[in-house]
Structure formats: C-alpha cells, structure tokens
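To start, the structure itself, in structure tokens.
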Amino acid sequence: MSLTERDKKHIWHPLKQHQTHPNSLGIVKAKGCILTDEHGNEYIDAISSWYTCMFGHCNDYIINKVHAQMQQLDQIMFSDFTHPAAVELSEKLINILPDNQSKIFFNDNGSTAVESAIKMALQYYFNKEDKRIDFIAFENGFHGDTFGAMSTSGLSVYNGPFEDFLIDVQRIPTPNKTNHDTILKQLQEIVSRKNVAAFVYEPLLQGAAGMKIHDSEGLNKILQFCKENNIITIADEVMTGFGKTGKNFASDHIDTKPDIICLSKALTGGMVPMAITSCTQKIYDAFLSNDIAKGYFHCHTYSANPIGCAASIASIDLLTSDEIQTNIQKISKEHQKFSEHIKNHPKVKSTRQLGVVFALDLDTNMERYGTLRDLLLASFMKEGVFLRPLGNTIYIQPPYVISSEELNKIYTTIEKVLDTL
Ligand SMILES: *Cc1c(COP(=O)(O)O)cnc(C)c1O
23 MSLTERDKKH IWHPLKQHQT HPNSLGIVKA KGCILTDEHG NEYIDAISSW
73 YTCMFGHCND YIINKVHAQM QQLDQIMFSD FTHPAAVELS EKLINILPDN
123 QSKIFFNDNG STAVESAIKM ALQYYFNKED KRIDFIAFEN GFHGDTFGAM
173 STSGLSVYNG PFEDFLIDVQ RIPTPNKTNH DTILKQLQEI VSRKNVAAFV
223 YEPLLQGAAG MKIHDSEGLN KILQFCKENN IITIADEVMT GFGKTGKNFA
273 SDHIDTKPDI ICLSKALTGG MVPMAITSCT QKIYDAFLSN DIAKGYFHCH
323 TYSANPIGCA ASIASIDLLT SDEIQTNIQK ISKEHQKFSE HIKNHPKVKS
373 TRQLGVVFAL DLDTNMERYG TLRDLLLASF MKEGVFLRPL GNTIYIQPPY
423 VISSEELNKI YTTIEKVLDT L
C-alpha cells in the first residue's frame with residue numbers, strides 16, 4: 023500500500039477538507055531544493071516548505087551542528103537551567119536583530135511566538151496597573167492559529183466557530199502611497215475610545231494575505247503614532263525574518279523599530295520547530311519586581327530545546343555568510359527580470375517583488391481553496407515544481423541556495439502553466 027493510502031487510515035491533516043481532498047502525496051526525501059515523492063518523482067521546492075528551509079533541505083552544515091548537539095545535550099528544563107546553545111543563540115540573535123532588542127524569550131512555533139507577545143503586552147500594562155486590553159492589527163493579516171494570534175489575524179474566513187471567543191481587535195488598512203492621513207485619523211479615533219495595549223503587524227510583507235507588500239513610509243508613520251501613544255509595537259517577522267526581504271529582518275527597512283519581534287519558520291532552517299519572542303529592555307523591566315506574580319509565568323515544556331538552538335545557531339551562521347548574502351541579492355535580481363517579462367502576460371494582472379519573494383496576481387477571481395487553485399497546483403506539480411497558490415496569487419519564495427537552472431525552471435513552469443489557462 024502506498025503512503026497516500028496508509029495515511030488515510032489514521033491521519034488528520036491541517037488546512038484540509040478531507041471529504042473533498044482525501045489524498046496527500048508521500049514525500050520520502052528532500053535535499054537542497056529537491057523534494058522526492060514515494061514514486062521517485064522530483065519537485066523543486068519553490069516556496070521552501072512554507073518559508074522554512076531557506077538554506078536548502080537537509081543542509082549538511084545544519085545537520086552536523088545538530089548531530090554534535092544531540093550527542094552532548096538533548097533536552098533540559100529551561101525554567102531552572104540554562105545551556106550553551108541557548109546562550110550562544112541569544113548572543114547571535116541580539117547581534118543581528120534591530121539595535122533596540124535586548125531579551126530573548128523561547129517558544130515552539132510562530133503562533134505561540136505571537137501569543138507570547140500578546141500576553142507580554144497585556145501583562146506589561148497589567149503590571150503597571152494601566153488597564154489596556156485592546157489591540158490594533160491590519161486587515162488581512164495572519165498571525166497564527168492559537169486564540170490570541172487568531173484574534174489579531176484579519177483573514178477570518180475560516181474562524182467562524184471561534185469568533186465569540188476572540189480578543190477585541192481594531193482593524194486598520196495597510197498603508198499605500200495615498201492613505202496615510204486616513205489611517206492616522208482612524209488611529210486617533212480608535213485611541214479616543216479604546217485603551218490599546220499593542221499594535222500587531224507583519225512588517226512590509228503580508229504572507230498569508232497573498233504576499234502583499236505595503237508602504238514602508240506609511241508603516242513608519244503608524245509606528246510613530248504608536249510610540250507617541252504608548253502602544254506597544256509587535257512585529258510579526260515569523261515569515262519575513264532571516265533575509266526574505268533582502269535584509270535580515272523586514273524591520274531593518276523601517277526607521278521606527280518594534281518593541282517586540284516574533285520569529286520562527288526560517289529560524290532553524292526548517293530542521294526542527296522553534297520560535298522566539300524578543301523584546302526591548304523596557305518591556306522586560308516591567309516584569310521585574312519583588313512580587314513573584316509580576317514575573318512572566320508563560321512556559322512551554324520544550325522551551326529553548328538544545329537541538330532547536332543548535333539548528334538556529336547553524337542557520338544564523340549560514341544567513342550571515344557572504345555566500346548566502348550574495349545569493350539573496352542574486353535571486354532578487356533574477357526575480358526583477360522575470361517580473362519585467364511576465365507582467366505582460368495576458369493572464370497576469372500585476373506583479374510585485376521584495377527580496378527573494380516574488381508574487382503575481384492572476385487576472386481571474388479564485389477561491390482560496392477552490393478548483394482553479396487545485397488545478398494550478400496539480401499543473402505545477404506535473405511539471406516538477408511545488409508552488410502553492412494563495413487565492414489568485416502565485417508566489418515564489420525559493421531557498422537561498424537555489425541554482426540558476428532551478429530558478430529558471432520555476433519561471434518557465436509558471437509561464438507554461440499560465441499559457442494553458
Ligand atoms: C506562519 C506564520 C505564523 C504562524 O506560525 P506557525 O508556526 O504556523 O504557528 C504567524 N505569523 C506569520 C506572519 C506567519 O507567516
């Protein structure tokens with residue numbers, strides 16, 4: 023029996039309506055940018071397995087560091103102990119994060135990194151006896167699937183059953199060149215009637231919304247407004263972190279730095295799950311007290327798991343290497359060239375690009391999980407390329423180690439499939 027058949031017996035997949043989509047393809051191997059299925063077919067992983075494996079799958083440098091860590095220290099309770107990999111990782115992160123970041127808190131995944139940030143913001147004001155319980159977030163943002171993260175997410179089509187339990191969030195549009203004043207007016211109006219604790223945002227690039235890019239100047243004005251009104255700013259860099267936008271962090275493109283930053287996905291280069299919520303000294307200091315209850319009593323069993331830390335250290339070594347930095351710029355240039363070419367295709371409405379992220383919108387309305395989307399996905403797979411359209415958006419976010427040939431194959435496959443539409 024194939025993996026696909028055996029899978030159906032006991033496995034419940036995420037983001038899936040099993041009645042209409044019963045089959046999951048068995049992937050048995052991945053190396054570099056290539057995925058191999060159980061029948062021996064190969065696919066280029068054009069979206070780095072959800073933006074994680076940016077240094078290529080089964081990267082030897084990461085494997086060696088993880089292997090060494092596995093022989094030294096596997097797991098240790100982080101509420102009572104510390105260990106070399108956690109300390110080294112914290113130093114490396116502080117080195118590359120925006121200058122105002124000072125403390126590193128460990129979580130297990132992107133959602134809990136955001137959940138943690140939300141709880142930090144709430145308790146920051148609770149500890150100061152300033153009752154602030156509201157949040158501001160962008161329309162169509164995505165911040166994860168736990169309750170707090172889900173509340174701040176604006177992509178709520180699938181949140182129906184949970185809406186009664188979500189925290190109160192005020193939504194603002196993402197900034198473009200023309201709406202700065204409207205947004206600032208709206209912010210004024212929100213703070214006049216709500217006690218806002220924090221603003222949660224994906225800086226510059228909204229991933230799940232369909233790789234939508236917004237205006238950095240406008241975002242800077244929003245962040246300035248938040249600073250002036252003591253609203254904690256929480257940058258969700260779970261997707262944008264570690265080089266995707268052409269700089270180490272999307273926040274590096276913007277003058278005003280966030281108070282809290284959420285990281286995951288490429289943190290470990292896709293090797294194991296891990297996440298970080300970093301913050302400024304000012305946030306951290308609000309939890310210092312002789313009163314134990316003012317401490318941050320939030321913990322996950324696998325906090326700062328040494329294997330995850332080792333994988334993250336190795337990934338940061340790679341990210342900061344000349345080779346990877348050069349590749350990031352190279353991919354960005356190739357995307358620009360492809361963009362110039364494909365934007366004239368009759369099926370293409372618009373294209374956009376930031377760092378290694380390229381996206382095009384089709385001139386067709388599509389459901390997020392509808393039949394045309396399924397057809398597109400299947401057509402790409404048939405050509406040996408794994409691309410996962412988001413609604414009518416087709417996007418590329420390749421591993422930094424992708425070869426020119428592989429990148430070209432992605433481009434020509436997109437064009438070929440568009441020609442058949
Ligand atoms: C993926 C993602 C999350 C959620 O991360 P998980 O590890 O899937 O829980 C949160 N925010 C953003 C911006 C993401 O892209």
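For the sequence shown, the positions run 23 to 443 when our numbering is used. Note that the Cβ used here is the ideal one computed from N, Cα and C, for glycine as well.
A direct Cα-to-Cα measurement between N149 and V222 gives close to 20 Å. Counting along the chain, the unbroken beta strand (DSSP E) around D67 starts and ends at E64 to D67. For D59, the pairing in a beta bridge is given by DSSP as I49. Remark: the C-beta of C284 is in contact range of ligand 1, defined as less than 8 Å to any heavy atom. By the Cβ test, the stretch 264 to 279 is not in contact with the stretch 39 to 49, since fewer than three Cβ pairs between them sit closer than 8 Å.
At the C-beta level, T386 and E405 stay beyond 9 Å of one another. Residue pairing for L384: DSSP places it in a beta bridge opposite V370. In this structure, the alpha-carbon of T393 lies about 19 Å from that of V407.
Unbroken beta strand (DSSP E) runs of no fewer than 3 residues, entirely contained in the stretch 110 to 138, are found at 125 to 129, following chain order.
Beta-bridge annotation (DSSP): C284 is paired with D258 and T299. Residues V88, Q91, M92, D96 and V294 of the same chain have their beta carbon placed closer than 7 Å to that of I329, with the five preceding and five following residues left out of the count.
Per DSSP, reduced to three states, the secondary structure at H236 is coil, with no helix or strand assignment. Per DSSP, Y324 lies in no beta strand (DSSP E) segment and is marked neither H nor E.
Taking C-beta atoms as the reference points, H322 and F169 fail to come closer than 9 Å. The stretch 126 to 142 makes contact with the stretch 157 to 177, as at least three CB pairs between them are under 8 Å.
Using a Cβ distance threshold of 9 Å, Q228 and F160 count as a contacting pair. Under the three-pair Cβ rule at 8 Å, the stretch 275 to 294 counts as touching the stretch 65 to 85.
A direct Cα-Cα distance of roughly 45 Å separates T278 from T442.
Straight across, the Cα-Cα distance linking E60 with S24 is about 8 Å. Rounded to the nearest whole angstrom, the C-alpha separation of K287 and A333 is 12 Å.
Per DSSP, the continuous alpha helix (DSSP H) segment holding Y83 begins and ends at D82 to Q94. Taking the C-beta atoms as reference points, I305 is found no nearer than 9 Å to P225. Going by beta carbons, M233 and L384 fall outside the 9 Å limit. In this structure, the C-beta of K287 approaches ligand 1 to less than 8 Å from one of its heavy atoms. If you check the C-beta of H165 against ligand 1, you find a heavy atom less than 8 Å away.
Runs of the alpha helix (DSSP H) spanning 4 or more residues and lying entirely within the stretch 141 to 205 occur at 169 to 174, in chain order.
Only residues of its own chain outside the window of five on either side were considered, and among them Y83, I84 and K87 have a CB closer than 6 Å to the CB of A336, listed in chain order. Contact between the stretch 113 to 130 and the stretch 295 to 303 is established, with three or more Cβ pairs separated by less than 8 Å. The beta carbon of G132 sits closer than 8 Å to at least one heavy atom of ligand 1. The Cβ atoms of A308 and P280 lie no closer than 9 Å to each other. Taken through DSSP and simplified to helix, strand or coil, H357 comes out as helix.
Looking at F402, G163, S311 and I416, the one whose alpha-carbon comes closest to that of K365 is I416.
The beta carbon of T200 is closer than 7 Å to none in its chain, skipping five residues each way along the sequence. In this structure, the straight-line span from the alpha carbon of F402 to that of R410 is close to 9 Å. Checking the 8 Å criterion, the Cβ of G229 is within range of a heavy atom belonging to ligand 1.
Going by beta carbons, K249 and I205 fall outside the 9 Å limit.
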